[in-house]
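A short write-up of the structure that comes next.
In our numbering, the protein residues as written are 1231 to 1482.
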């Protein structure tokens, strides 16, 4: 059963896509698990707004294997399909040396991760609904905020577990956070424009450690109503992966 804490910033009756996307990650981690595999990538397509209502998830294995497994799922609400998703689980291999110099995107060459700032005094979300998900997450902005247009860096963590009584897994926690990339890096006034994502893809090259995730997000807007929000995701030890959202941009 979805709670009001999942309500998104555009409509109090529709969920932010982060929590239901994280439910897929949870289902993919638990569906026919294979020892030694970890979830590395989840891609979610948003077919229509997800109501703050009970959701039913159906999951199946598409491609089983000891080294790689592909799973997919469908989420339904009120008898309608609202989300489709696919996830890749990969076998954990031998520990790789960090900072060998072979990979320019390795953690060693990524630059220092900014420290967690004190409680943020960022200006509040100016969109339609400032409760729900916006209050269920803790935000600590390093640069930018909800009002200042352009790129932003923000440390985030959920104040609530994904499922009551359970510890939220690192991948699920990151999925809850990553869908906020388009909001924190908004290039347009949300009181005048909609820039809603139709999908979310998260790839993690390692599991994040700790409860905080740093999102370094940039939105690029095209000339004809499409946009891309790309987020670099890190923990206190360095980068952990990437998030990406395709956006449709329309005036209110």
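A virtual CB, placed ideally from N, CA and C, is assigned to each residue, including glycine. Note that the structure is a prediction, hence the values are computed from the model and not measured.
- Listed in chain order, the alpha helix (DSSP H) runs fully inside the segment 1406 to 1444 are 1411 to 1414, counting runs of at least 4 residues.
- For residue 1441, same chain residues with a beta-carbon under 6 angstroms away, outside a window of 5 residues either side, are 1387 in chain order.
- For residue 1285, no beta strand (DSSP E) encloses it, and the DSSP letter there is neither H nor E.
- Residue range 1363 to 1366 is occupied by the alpha helix (DSSP H) that includes residue 1365.
- By the Cβ neighbour-count rule, residue 1379 is exposed, with fewer than 16 other Cβ atoms within 10 Å of its own.
- In this structure the segment 1274 to 1287 lies against the segment 1301 to 1317, because at least three pairs of beta carbons, one per stretch, are closer than 8 angstroms.
- In this structure residue 1467 is exposed. Its beta-carbon is surrounded by fewer than 16 other beta-carbon atoms within 10 angstroms.
- Residues of the same chain with a CB within less than 8 angstroms of the CB of residue 1470, apart from the 5 flanking positions on each side, are 1404, 1434, 1435, 1436, 1437, 1438, 1443, 1463, 1464 in chain order.
- In this structure, the alpha-carbon of residue 1384 lies about 27 angstroms from that of residue 1316.
- In terms of Cα proximity to residue 1348, the closest of 1369, 1363, 1289 is 1369.
- Setting aside the 5 residues that flank it on each side, residue 1300 is surrounded in the same chain by 1292, 1293, 1316, 1318, each with a C-beta closer than 7 angstroms to its C-beta; the list follows chain order.
- For residue 1248, the uninterrupted alpha helix (DSSP H) run begins and ends at 1248 to 1260, by DSSP.
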